[in-house]
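> This is the structure I have questions about; it appears just below.
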């Protein structure tokens with residue numbers, strides 16, 4: 657997932673992989689909250705949308721809760737990958 661932030665608005669794109677194979681692509685839109693947390697809406701090209709609410713941990717990690725299809729995973733982390 658690649659994210660950009662400008663004036664409190666977050667946008668981005670990404671890919672979802674299942675067992676190392678590309679499964680779906682997504683676009684991301686969201687915003688920063690006053691308490692320095694964020695809310696992201698993830699719109700997938702071929703599957704149902706999701707929301708991700710969380711915070712930045714250090715400089716390389718997002719940590720939060722993801723809700724999709726009415727189910728919430730309370731601890732989902734994304735880590736920065738170097739190329």
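Numbering (my numbering), first residue to last: 657 to 739.
Heads up, the beta-carbon is just placed ideally off N, CA and C, and yes, glycines get one too.
Nothing here was measured: the structure is a model prediction, and the numbers come from that model.
Tell me whether residue 664 is buried or exposed, calling it buried when 16 or more other Cβ atoms sit within 10 Å of its Cβ.
exposed
> CB residue 685 to CB residue 667, shorter than 7 Å?
yes
> Classify residue 673 as buried or exposed, calling it buried when 16 or more other Cβ atoms lie within 10 Å of its own Cβ.
exposed
> Taking the runs of the beta strand (DSSP E) that are 3 residues or longer, which of them lie wholly in the region 696-722?
706-713
> List the endpoints of the continuous beta strand (DSSP E) containing residue 672.
665-674
> Cα separation between residue 737 and residue 658?
10 Å
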